[in-house]
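Asks: Residue numbers (numbering that gives the first Met the number 0), protein chains in the order written: chain A, 0 to 247; chain B, 0 to 247; chain C, 0 to 247; chain D, 0 to 247; chain E, 0 to 247; chain F, 0 to 247; chain G, 0 to 247; chain H, 0 to 247.
Glycine included, every Cβ here is placed at the ideal spot set by N, Cα and C.
Quantities reported herein were computed from a predicted structural model and do not represent experimental measurements.
After the structure tokens below, expect a handful of questions from me.
8 protein chains.
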Amino acid sequence: MDRNNVNDRDIEEMAPASSLTYATIDYDREKRLGVNEVIFGLGKSADQISGILQDMIDHGLGRIAVTRIDEAKADLVRKQFPDAEYLSIPEMLIYDEDKMKLKDPAKKADSFGLVSVVTAGTSDLKVAEESACMSEFLHHEVLRVYDVGVAGIHRLLSRIEEIRKADVVIVVAGMEGALASVVGGLVSKPVIAVPTSIGYGASFQGLSPLLSMLNSCASGVGVVNIDNGFGAAMLANRILGLLKEKMS
Amino acid sequence: MDRNNVNDRDIEEMAPASSLTYATIDYDREKRLGVNEVIFGLGKSADQISGILQDMIDHGLGRIAVTRIDEAKADLVRKQFPDAEYLSIPEMLIYDEDKMKLKDPAKKADSFGLVSVVTAGTSDLKVAEESACMSEFLHHEVLRVYDVGVAGIHRLLSRIEEIRKADVVIVVAGMEGALASVVGGLVSKPVIAVPTSIGYGASFQGLSPLLSMLNSCASGVGVVNIDNGFGAAMLANRILGLLKEKMS
Amino acid sequence: MDRNNVNDRDIEEMAPASSLTYATIDYDREKRLGVNEVIFGLGKSADQISGILQDMIDHGLGRIAVTRIDEAKADLVRKQFPDAEYLSIPEMLIYDEDKMKLKDPAKKADSFGLVSVVTAGTSDLKVAEESACMSEFLHHEVLRVYDVGVAGIHRLLSRIEEIRKADVVIVVAGMEGALASVVGGLVSKPVIAVPTSIGYGASFQGLSPLLSMLNSCASGVGVVNIDNGFGAAMLANRILGLLKEKMS
Amino acid sequence: MDRNNVNDRDIEEMAPASSLTYATIDYDREKRLGVNEVIFGLGKSADQISGILQDMIDHGLGRIAVTRIDEAKADLVRKQFPDAEYLSIPEMLIYDEDKMKLKDPAKKADSFGLVSVVTAGTSDLKVAEESACMSEFLHHEVLRVYDVGVAGIHRLLSRIEEIRKADVVIVVAGMEGALASVVGGLVSKPVIAVPTSIGYGASFQGLSPLLSMLNSCASGVGVVNIDNGFGAAMLANRILGLLKEKMS
Amino acid sequence: MDRNNVNDRDIEEMAPASSLTYATIDYDREKRLGVNEVIFGLGKSADQISGILQDMIDHGLGRIAVTRIDEAKADLVRKQFPDAEYLSIPEMLIYDEDKMKLKDPAKKADSFGLVSVVTAGTSDLKVAEESACMSEFLHHEVLRVYDVGVAGIHRLLSRIEEIRKADVVIVVAGMEGALASVVGGLVSKPVIAVPTSIGYGASFQGLSPLLSMLNSCASGVGVVNIDNGFGAAMLANRILGLLKEKMS
Amino acid sequence: MDRNNVNDRDIEEMAPASSLTYATIDYDREKRLGVNEVIFGLGKSADQISGILQDMIDHGLGRIAVTRIDEAKADLVRKQFPDAEYLSIPEMLIYDEDKMKLKDPAKKADSFGLVSVVTAGTSDLKVAEESACMSEFLHHEVLRVYDVGVAGIHRLLSRIEEIRKADVVIVVAGMEGALASVVGGLVSKPVIAVPTSIGYGASFQGLSPLLSMLNSCASGVGVVNIDNGFGAAMLANRILGLLKEKMS
Amino acid sequence: MDRNNVNDRDIEEMAPASSLTYATIDYDREKRLGVNEVIFGLGKSADQISGILQDMIDHGLGRIAVTRIDEAKADLVRKQFPDAEYLSIPEMLIYDEDKMKLKDPAKKADSFGLVSVVTAGTSDLKVAEESACMSEFLHHEVLRVYDVGVAGIHRLLSRIEEIRKADVVIVVAGMEGALASVVGGLVSKPVIAVPTSIGYGASFQGLSPLLSMLNSCASGVGVVNIDNGFGAAMLANRILGLLKEKMS
Amino acid sequence: MDRNNVNDRDIEEMAPASSLTYATIDYDREKRLGVNEVIFGLGKSADQISGILQDMIDHGLGRIAVTRIDEAKADLVRKQFPDAEYLSIPEMLIYDEDKMKLKDPAKKADSFGLVSVVTAGTSDLKVAEESACMSEFLHHEVLRVYDVGVAGIHRLLSRIEEIRKADVVIVVAGMEGALASVVGGLVSKPVIAVPTSIGYGASFQGLSPLLSMLNSCASGVGVVNIDNGFGAAMLANRILGLLKEKMS
């Protein structure tokens, strides 16, 4: 099939074909960055996702995550890959050839670092779980501390010792995003802030917490894109990868 | 149930379970701030709302408001709490164990302060009613003065004496939000301005009245978030709480 | 002098003349709003300010504040009104015929309410002092709690009992403006938030703390314009005026 | 001189030369639009302005206005055109060959329409005077009603009958720009709104009144650019030109 | 019915009742502004619209327009007012007691002014028709010149003489909105510019043509809100009303 | 049919009529610009599109493209023009009287230039195909290089020699849009950058890649509107048209 | 000198030293892109510019342009390179070892393409001259057509035949930027649009013409950054380089 | 001295006094966060900075950094602290009681981690040096790789092995900020991105690279505020602190 023939029939028909015209997989990424390419599901059809999955499997990759894939699309993909596991809160699909379960105790024993995911409110759950589940997929242990926003700061203070034990702290918050600054001032570990688009009015789809976190008065807070729980987990993984490399 | 197991099954199944993994209720809030935690319904599932409601009831709270809950979600919650009352215009759900009606005359006798809610147009009704109903929930009397926008200023002027008798004035307006400045210049009482997202084009979802109100040429106007009728009622309640404390 | 002749000679020559062409003083404001018109100095020439001052004095007003007047302009105005006192931090000029000093102990005895002004950082001082000095000009007592931003939250917590004794709390913060939410969650009194333009980059001249404060997760926080310490004091004064009226 | 040689020496030297390389004067504009081209001074050097002035004079135009020209630049231009009159508040320069004074009583008798210029505050004076003086330059009578912002609405109401007599009303306001809506609701004549950049913080250099005016709840208000007093006068002139044409 | 009872049952039930709680009709508007209050349908329920219509009819108004009312809502309203005429392109509903047809030839004879509505593209039709139909409702004659955008400027030039005969020109354009400047430079009559939200990407829902029109290099162009065809017609009507008053 | 009767019945009925009231076709465009008018389908009804198509055919144009037309609308149009070909990925409809197939080999032999379309990710496919198919419609050859974003820069480098052979390079990218700068630094040919709205959060619907591309550190990159694959193809065509003209 | 010692003494002292710590010159650029690296003067000190110049000369480059360098800085650089020519309008510095004059007639004979630079107003001159002079530096012939904005469209039309003869047309415009669309609709050649920051108010430092140009209704217009006359010349050069390559 | 007396005399006189009214030093920060409070110089007077410095010294802190302090202010501070060292490029002042030089070789031996600071251009030097010098102040070794922007990607590729040896990589870039994505795709270590405000036009004071970096297609890049070289160093320090803690 000619690479130049993309447009004269629907991509849907074409996608199952082996040589991908619409994607150039980066098979080399694990060697270069320590992590396989993760498939970003948004804006891709189920057939495109299946095609990329199959292509990665064909190239010997056995443990693949798809993010931002809604349930309907995941169901279509799972027709071809029935053993893939769907996590509905973070809308992730996990393909794992060894059928090892995501939170299998044995695996946890192997886990290297501890990531704490802290949220301001219940509404931030979806984004937080993307961070948490992605971290677990990457073999890290996760401590979830949810709904401890600064309007009732004792809720955070009562759990701060727990949080301090983590190697990396991911703070997920919408609205004014103040939690990132407060945590950043209480914890010496790397803090990664994820603004969420939850809110309304002058939140402007997450602009408010994004600006807050960038202007954090606690210095040394790294910010990722709005709702980018995945990116936060990847930065945590870079930090823990460094730790692993240095300690081994 | 382990706090770390949030992600391996759907939150829907999990929520009815007693120990909440997705929320950290601030039971202490009434003591600290004079008002129970109010449940913000947006971005929460019906099961999460029900779970939080049950948890608050279990901790002895008997009078609870849920805001920003649409009718479909409210119907689901009311399957578990059939006596909760749904207010369709402000999209609030009121749970009240003593079954005391919201606007019961006996209760009104107990009311401490008078809040006037003034709107520029009919389209601001929904937001205004969130302010009004929340104030009533907090035992304040409410004077509604609706659709008196500045394009026909005599409508406002003809009712200004009534408005002046209120202890706090909440002004709800979309479009250019000019009403807040005009009221602020006519009334000596605290004025709380609520911009609304009603409008189109260069209203930019409420940005126009928000900026107007922040730039009010009448000084001493406090602004809350776009469409945040609830927040305005809460600020009014802080003011009336101060009054009550000082006068008792 | 003809009202229509403004443009054919420089306003500088014209201003000292008695009948003002460029201003329409609202002599009735104290009766209507409880406070004299305050002169906003920004964008007015020294001669215009002097002209308005003289006009107000001629109409029997003996206690007048000018805000946002820089030192050079104030020096020019004080040539005509040598007894006016200049406050350099908040850039205010106070004219007081009875020569009563701003913080005269006797006056303080008369003060009605207690306003706490809380700042996140030292850089917010100028705006905070506009709130504080304006409150003192309005005969309120002021408690200053400066530089207690959330990056070191113990600084705030150690002074929270003091702050809780105030009738109204004004929170002044730049950067991410998180302090307003934290204070709002710890204090039941009316909280007025003033975003400041101090900061750089993604602060966007105060947009970041403005949005934060509007999205405060602590409900019942009223926001005023960026750097508007004056407006915060005026809203505090409306609240304290209500208190005074009810208690007298 | 070759049109293509602009860049090899400074425009300053070149400008006095007769054939303009940097400007293409629209001599035909009066015939087409009823008004000569007006020289916009901002971003032009004194020599460029003088060059264009001379070129227009050479083509028989005897009555020319320059807008947005500061005093220093005007002084330089007046070395070549000593009889040109400088208006310092609106920063305009008027060249008039017949030496007819701008507000000469005889001329006023000729004036066709009455333009009312209404401002919210003293700080809007500069922009208002650009509207007023430009209207006078165009032979209209001007009624100035200044500093009648909505924070003291009686100031406006007390003069509304006067304003209603005008043919066109120009409303100049900064801050929240509410005056345009209020006037638009009280007057049936065409209303032209000019937002000003006076203000601070969330005024965002005039964005706040601009959006307000565009969202005016009084329908039929035409808005021009921020600080564009000139443009408002030109729109008024188009309206009065139509009137003149129809009535003659 | 008590004005304070709005919230305890659905507005839908209440609206048909005679005394309106949710609206304060400005019956005086025709006398003051020359035009009846026009009902803005967006954000109002069919019952609210019907209620306001009935209330206006009960107060003797016999010719009423409703704007921004979609077909479904209009159908509901027409159950109560079967003779009201629905115009589907501009989404307007016209109630006219004398059953006089909108474009009845006899009426046209009575029309006073000629409004030209010029659009850049076919996609601007809906907004343009709001201007055109509203102008016809106000008894003006309308000349439609559609799809003459500047990418093919001869299309505009070939019709410019026709356009010049109009008393007022309304220019409706999306994308870059350049048409307003070009028309403004070719026509001496008042030009009203209406930016439309048609477009995509960097049009930012009409921000691009809005800014263009405000910055028009042809001076004397008045701008109304994005998609506000109604407002443009109302400004045209103010101008033509002035003309009528002066000529009668 | 009278041009002024647009509004009294639905445009749907009217469109099939021959004389178009809602569109002014620019038949002269091919002569002037070298390309027929292309029909922009967004915001036009199927009947309007069919009407314009028929009108163009009636005027002797035999090869017409419609862009931004979704499948449902295309199906309606194809009822009238069954031979028109629909390309589902770029959502284009091609009408070609000679029934010559878009990618007919004979035609390719005629093709003049080579356009390379390079994308950062699979999600940019739709926009890229609009560029590619439009270029093919204009008889250019197209080299597709998809999913070579800078996160795995070797993917781009491995194909750079191929890309360098193209006459014009169109770079399509969302997210941070970095690909345009990198390609611009590696290739000496004209580079046209198309930002896409694919992404989320701080992408702000394509604002992020738009600003990136405008600020490209590789100089000489021309940017078109967000998602405007069509515009990029048209700019490429202008360049190739110049080449053809000079070389013939 | 150690690359790591940048910070312990002022860059000013260090810059004249031969090995540059603060810059990594891309000597390979001419081969790769057909043009030497051009030094962007903004944000660089005179010493840094001199250092880079010297380094380039030392590597055998004999013809170097510096852009965005103000006169004061240029004077400092010319102390070391007295033969460099300063162009004051576009603020460029040209270093040319063969002392060949920029517009030497002999050179013009060598010029390959013709670039037309068209401006809307006199105020756009500076940006236009950056395009023009840079094009001349790159050995292209330049046709300057200045001040032909659309408010007097006959000025443009009268020169359109001249413009059509150019190979590439650069349109420079501020305010509403309409000129790009109009030219794009009249000329079949590649059109490059340069928005300028000239203007005030809702121009928002060039945002208005930038958005206009991106939304141009004339398709195939490539846009560069605000005020980026240099970038436009570089894109023109890429196009003319392609032409040269193909024709040689 | 009374904490409430801040406003009645200038802060300048007051600052040298021992008890600070304008600042609440967080002496506990080193214990809590591993780093002393760093003094942010912007918006503080020289006297305030000196006062805070003295207060910290009095409390036993012997190694203190002041950031964002310009040379004039630093000179004033150094009158009181003549041994403090001023770094002119990053505008930092270092006070170090042991007089140990910042880059003393012995100290370097103690350094724990290696931070690579990579910049896109020479203009980013100031921000980069803030990162580099702050890292050195915190006892880390620094590898500077400057001016390797993506327009000449071979410059980066030729040094990538060096960069990969660092423990943390700080990428400093203005314009389109593409460097962060490219580095993020080539290096597995934690990448911290610092957007700079260098640029013009559509850079919008650093908004362009800020958005780019937040949307980086290379996942796991943490972003700090525009120009916040300091914050990047602090995040690097949190990561290296974790490493040190784990390895000791």
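If we count the other Cβ atoms within 10 Å of its Cβ and call it buried at 16 or more, is residue 157 (chain D) buried or exposed?
Replies: exposed
Asks: Look up residue 154 (chain H) in the DSSP assignment and say whether it is helix, strand or coil.
Replies: helix
Asks: In the DSSP assignment, what are the bridge partners of residue 91 (chain F)?
Replies: F:86
Asks: With 16 as the cutoff for other CB atoms within 10 Å, does residue 215 (chain D) come out buried or exposed?
Replies: buried
Asks: Roughly how many angstroms lie between the CA atoms of residue 180 (chain E) and residue 210 (chain G), to the nearest whole one?
Replies: 15 Å
Asks: For residue 136 (chain H) and residue 72 (chain H), I'd like the C-alpha separation in whole angstroms.
Replies: 21 Å
Asks: If you scan the stretch 209-246 of chain F from start to end, which runs of the alpha helix (DSSP H) of 4 or more residues do you find wholly inside it?
Replies: 228-246
Asks: For a quick check, are the C-beta atoms of residue 51 (chain A) and residue 22 (chain A) less than 7 Å apart?
Replies: yes
Asks: Rounding to the nearest angstrom, what Cα-Cα distance links residue 9 (chain D) and residue 87 (chain G) in this structure?
Replies: Low confidence applies to residue 9 (chain D): its pLDDT is 36, below 50, so where it sits in the model is not reliable, and the reading given next is rough at best. If you take the alpha carbons of residue 9 (chain D) and residue 87 (chain G), they lie about 6 Å apart.
Asks: For residue 94 (chain A) versus residue 118 (chain A), is the C-beta spacing smaller than 7 Å?
Replies: no
Asks: Under three-state DSSP, which class holds residue 20 (chain E)?
Replies: coil
Asks: With a cut-off of 8 Å on the beta carbons, I'd call residue 165 (chain F) and residue 220 (chain F) a contact; round off their distance for me.
Replies: Contact flag wrong, Cβ pair sits at about 15 Å.
Asks: Pairing CB atoms from the stretch 55-73 of chain F with CB atoms from the stretch 147-163 of chain E, are three or more of them under 8 Å?
Replies: no
Asks: Looking at residue 206 (chain G): is its Cβ nearer than 7 Å to the Cβ of residue 188 (chain F)?
Replies: no
Asks: According to DSSP, simplified to helix, strand and coil, what is residue 39 (chain B)?
Replies: strand
Asks: Could you tell me the distance, in whole angstroms, from the CA atom of residue 89 (chain F) to the CA atom of residue 184 (chain H)?
Replies: 30 Å
Asks: Going by the CB atoms, is the gap between residue 182 (chain F) and residue 190 (chain F) shorter than 7 Å?
Replies: yes
Asks: Could you say which of H:35, H:45, H:243 and H:148 lies nearest to residue 176 (chain H) if we only look at CA atoms?
Replies: Out of H:35, H:45, H:243 and H:148, H:148 has the C-alpha closest to the C-alpha of residue 176 (chain H).
Asks: With residue 200 (chain D) and residue 196 (chain C) assumed to form a contact (beta carbons below 8 Å), what rounded beta-carbon distance in angstroms separates them?
Replies: 7 Å
Asks: Assign residue 115 (chain G) to one of three DSSP states: helix, strand, or coil.
Replies: strand
Asks: Using the beta-carbon count (16 or more within 10 Å), is residue 81 (chain E) buried or exposed?
Replies: Flag for residue 81 (chain E) reads exposed.
Asks: Kindly indicate which residue of B:36, B:160, B:25 and B:228 has the alpha-carbon position closest to the one of residue 134 (chain B).
Replies: For residue 134 (chain B), the nearest C-alpha among the options comes from B:228.
Asks: Who are the Cβ neighbours of residue 208 (chain H) in its own chain at under 7 Å, not counting the five residues just before and after it?
Replies: 172, 173, 174, 175, 176, 194 and 195
Asks: Using a C-beta to C-beta distance shorter than 7 Å, which residues of chain E count as neighbours of residue 221 (chain D)?
Replies: 191, 221, 222, 223 and 234
Asks: What is the residue span of the beta strand (DSSP E) that residue 140 (chain A) lies within?
Replies: 140-144
Asks: In angstroms with no decimal places, state the Cα-to-Cα distance between residue 231 (chain E) and residue 178 (chain D).
Replies: 19 Å
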